[in-house]
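Numbering (the working numbering), first residue to last: 1368 to 1477. Every residue, glycine too, gets a C-beta built ideally from N, C-alpha and C. Model, not experiment: these values are computed from the prediction.
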């Protein structure tokens, strides 16, 4: 059972269709607000926080002018109200990018 307000690792759901759709939603929202052309690539990490609904902390890869970069998005979802809203969207740190890509490299067996 999730602790209210606590952030927990989401485990295998990082590649679920729901999370992929939320990440794409966050990129689209960012593109509209910033008049940019990021292209969503993949989710690399996801955490959940139980609030009045669920706050998803999503780390994702997106292409910016052909260069892959890491971004961090927070998406608030209240399914019973058909509500979802991007709370934050920012470029991740280069260190985070390096750590995640090395982790994926070793986990996949590259």
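When DSSP states are grouped into helix, strand and coil, residue 1427 belongs to the strand group.
Sequence-distant Cβ neighbours of residue 1387 in its own chain, meaning closer than 7 Å and more than five residues away, are 1410.
Cα atoms of residue 1434 and residue 1405: separation of roughly 10 Å, rounded to the nearest angstrom. Each residue's CA atom was taken as its position, placing residue 1377 and residue 1402 some 31 Å apart. By the beta-carbon neighbour count (other beta carbons within 10 angstroms, threshold 16), residue 1426 is buried.
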